[in-house]
Structures are given as structure tokens and as C-alpha cells.
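Numbering (the working numbering), first residue to last: 13 to 207.
The beta carbon of each residue, even a glycine, is placed where N, CA and C say it ideally should be.
I have placed the structure first, in the form of C-alpha cells, so that the comments after it can refer back to it.
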């Protein structure tokens with residue numbers, strides 16, 4: 013009986029094992045780097061090319077539907093360009109984000125985020141005064157540092173190898189300084205790699 017059971021067990025085991033290969037099993041799925049990696053580094057390609065601003069981010073995946081991120085922004089060019097003044101009121105910012113994803117894949121697809129930002133830069137402040145029945149307006153540029161809270165939304169699209177495009181926008185409100193912009197905004201088009 014033992015002579016019969018051992019070969020039968022061996023054959024059944026072999027057939028069972030051969031059924032588990034991805035080519036033969038319809039229920040198995042291939043695991044890609046994007047599904048198991050937990051860290052990401054990215055650079056803000058749009059800000060770099062269009063405005064000469066260095067915008068880098070590190071993101072850590074917490075669960076398949078959530079992550080936290082830390083972004084650093086430095087305006088590298090001088091402020092003589094009027095387009096830069098319209099686009100950015102900040103020279104430096106450090107932003108923390110918590111993202112929640114709605115897709116079925118690991119931190120992939122559309123998301124919403126909460127953000128907290130410390131920013132500094134120059135902001136034009138206009139004051140008015142009333143003298144002898146006339147209004148006078150004076151505009152001066154002041155240095156500021158402020159803290160903002162806000163939210164945003166975006167979409168992240170990750171290749172099998174881990175390269176990704178993250179498009180997002182956000183808005184926040186500065187809380188402490190009268191010499192800072194009331195509202196801060198973000199528009200990010202980041203290219204990065206998940207590892």
C-alpha cells in the first residue's frame with residue numbers, strides 16, 4: 013500500500029504545483045513593483061521647466077489607500093519676472109500632506125488630501141489712508157512667513173515598473189500674518205519613481 017500511495021502523492025503534488033503557475037491559473041496575478049513598494053521620490057517637472065522652481069517630494073505609503081508626503085519648494089530664479097510674481101507669492105515652502113486614494117490598486121488613481129504648509133517670501137501689501145477728503149493708496153513689498161491649512165485633490169498614475177505621474181491641485185488659508193497672502197495655492201505635475 014505504501015508503494016502505491018507515495019507515487020500517487022507525488023503525482024498529485026506535481027499536478028497541483030503545475031496548476032499554480034501564472035500561465036495556467038486564471039485566478040493568480042502577477043505582482044509588480046508598484047504594488048509592493050512603499051517609498052516614492054518625485055520632482056515637480058512643470059514648476060522646474062516653466063518657472064525654474066525646484067519642487068521635490070517624498071511620499072510614504074501607509075496602507076493601500078493612504079499615504080503621507082513631504083514636499084519642499086524653492087524658487088531658484090530672481091523675482092524680476094512679473095510672471096513669477098503672478099504665479100508664486102512664496103520663495104520657499106515646506107508642505108505635509110495626507111492622501112486618501114479611491115482606486116483599487118495600491119495608492120493609484122484619484123485622491124483627496126489634507127495639507128499643512130509653512131511658506132515664506134515677499135508679498136505686496138496695499139494700505140489706504142484718507143487725508144483731506146482724498147484716498148491715498150500705498151503698495152509696499154513685505155517679507156512674510158506663515159502657516160496654512162487646506163485641502164486638495166489629484167490623480168496618480170503608476171506604471172508596472174514604478175514610474176509615475178502625479179497631477180494635483182490644492183488650496184490653503186494662511187492663519188497668522190497680516191503681511192502674507194490670505195490664500196495659498198498649489199498646482200503640481202510631478203514625475204517620480206516608487207521604490
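Residue 84 and residue 129 have their C-alpha atoms spaced approximately 10 Å apart. Inter-residue distance for residue 104 and residue 134 is about 10 Å (C-alpha atoms, whole angstroms). Contiguous beta strand (DSSP E) elements confined to the segment 93-176 occur at 104-113, 121-143 and 146-170, taking only those with 3 or more residues. Residue environment analysis places residue 202 among the buried positions, since at least 16 neighbouring C-beta atoms fall within 10 angstroms of its C-beta. Counting every other CB atom within 10 Å of its CB across the protein chains shown gives residue 73 a total of 16 or more, marking it as buried. Residues of the same chain with a CB within less than 6 Å of the CB of residue 199, apart from the 5 flanking positions on each side, are 181 in chain order. Residue 158 sits close to residue 189, with the two beta carbons spaced by under 7 Å.
DSSP links residue 204 through a beta bridge to 54 and 176. Distance between residue 161 and residue 141, taken at the CA atoms: about 32 Å. Counted as a single uninterrupted DSSP element, the alpha helix (DSSP H) harbouring residue 47 occupies residues 45-48.
Annotated as proximal: residue 123 and residue 166, with beta-carbon spacing under 7 Å.
Under the three-state reduction of DSSP, residue 187 is assigned to coil, being neither helix nor strand. Counting along the chain, no beta strand (DSSP E) covers residue 42, and no H or E run does either. For residue 68, the uninterrupted beta strand (DSSP E) run begins and ends at 65-75, by DSSP.
Secondary structure at residue 84: strand, using DSSP grouped into helix, strand and coil. The DSSP-derived three-state label of residue 195 is strand.
In summary, residue 88 is exposed, with fewer than 16 beta-carbon neighbours lying within 10 Å of its beta-carbon over all protein chains present.
Taken atom to atom, the span from the alpha-carbon of residue 170 to that of residue 75 is near 16 Å.
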